[in-house]
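All the letters of the sequence shown, read from the start, carry residue numbers 87 to 362 under the numbering used here.
Just so you know, even glycine gets a beta-carbon here, dropped at the ideal spot from N, CA and C.
Just so you know, these numbers come straight off a predicted model, no measurement behind them.
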Amino acid sequence: MAPQKARPDTSMTVPVNGITLAFDAVGPPGGPPVMLIHGHPFNRRMWEPQARALAAAGYRAITPDLRGYGDSEVVPGTTMLSDFAADTAAILDHLDLGRAVIVGLSMGGQIAMEFLRQYPRRVNALILADTSPVPDDEAGRAFRRTLADRLIAEGMDGYATDVIDKMIRPEHVTGMPEVAELVLDMMRTTAPQGAAAALRGRAVRPDYRQTLATAGVPTMIVVGVDDPYTPVAEATMMHQLVGGSELVVIDGAGHLPNLERPAQFNDALLRFLGTL
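Following this line, the structure appears as structure tokens:
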């Protein structure tokens, strides 16, 4: 991948699969494409440090708002991970891109795995951060459905307050106020209907362990050392599943190492891309 000169950010909307999605595409149009898929309940702003670094290095960074999130259209009901994957493919089609490096964090990582399952020939490489290929058990499915109902009934504020010290390390809530403010704002401004629809879809997601075991593409697994949702042991299991993969543990980070330790995350990202 030969980096090229970056150009200013470009924000777009595109009709895909019966809805309108918003996304940013930054960096030179001819640069190697990198698709970054955000987690729940966030939006494309969570990737701003990575998009800037990628564009500066000459890559084409594409950061969509998933359906139901950010500036994209809100779709109530149930949104399957396969729906998100199809939207991702449609954005690549819109940009006339056959293949890309696919990056996903948390739910975004599960979408990346679903994208790999559906469109293996469109994946140049895979970067999975703070995520898990393991499906929910019955207790997990019940938890997600109950949380979906709570978000519809109560909105996002209480949930955001409850989980901020799990999304980022507790000391970062006060010690990194700009990061905490961004994370809280993304959560609080997410449409409850969109978040609930994604939760219902994730509750019935498939097992991606076999998908990873047969991935056949360069893969990097990244995890914050103190991630309470998908701990290092989970990332190690994924690393062992994917032959030839790389495991990167980010010190001083929780579930969102790309925001808590952006320099370290970006260094790992760019170094890995430079090997392709």
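query: Excluding the five sequence neighbours on either side, which residues of its own chain have a C-beta within less than 8 Å of the C-beta of residue 281, listed in chain order?; result: 126, 127, 154, 155, 234, 237 and 242
query: So residue 221 packs on residue 291, CB below 8 Å; how close in whole Å?; result: 6 Å
query: Is the Cβ-Cβ distance between residue 295 and residue 219 less than 7 Å?; result: yes
query: Identify the residues that DSSP records as bridge partners of residue 98: which are they?; result: 109
query: Quick one: which unbroken alpha helix (DSSP H) runs of 4-plus residues sit fully inside the stretch 275-317? Chain order, please.; result: 278-288 and 295-299
query: According to the neighbour-count rule (16 or more other Cβ atoms, all chains shown, within 10 Å of its Cβ), is residue 357 buried or exposed?; result: exposed
query: I'd like the ranges of any alpha helix (DSSP H) spanning at least 4 consecutive residues and lying wholly in the stretch 151-235.; result: 167-180 and 193-204
query: Whole angstroms is fine: what's the gap from residue 94's alpha carbon to residue 111's?; result: Per-residue confidence for residue 94 stands at a pLDDT of 40, beneath the threshold of 50, marking its modelled position as unreliable; no derived number is given.
query: Is residue 119 helix, strand or coil when you go by DSSP?; result: strand
query: What is the DSSP secondary structure of residue 333, counted as helix, strand or coil?; result: strand
query: To the nearest angstrom, report how far apart residue 231 and residue 275 are at their CA atoms.; result: 20 Å
query: Residue range of the alpha helix (DSSP H) that residue 130 falls in?; result: No alpha helix (DSSP H) holds residue 130; DSSP gives it neither H nor E.
query: For the pair the stretch 140-147 and the stretch 155-175, tell me if three or more CB-CB distances fall below 8 Å.; result: no
query: Does residue 190 pass the burial test, meaning 16 or more other C-beta atoms within 10 Å, or should it be called exposed?; result: buried
query: If you measure from the CB of residue 291, is any heavy atom of the ligand FAD nearer than 6 Å?; result: The ligand FAD is not part of this structure, which contains no ligands at all.
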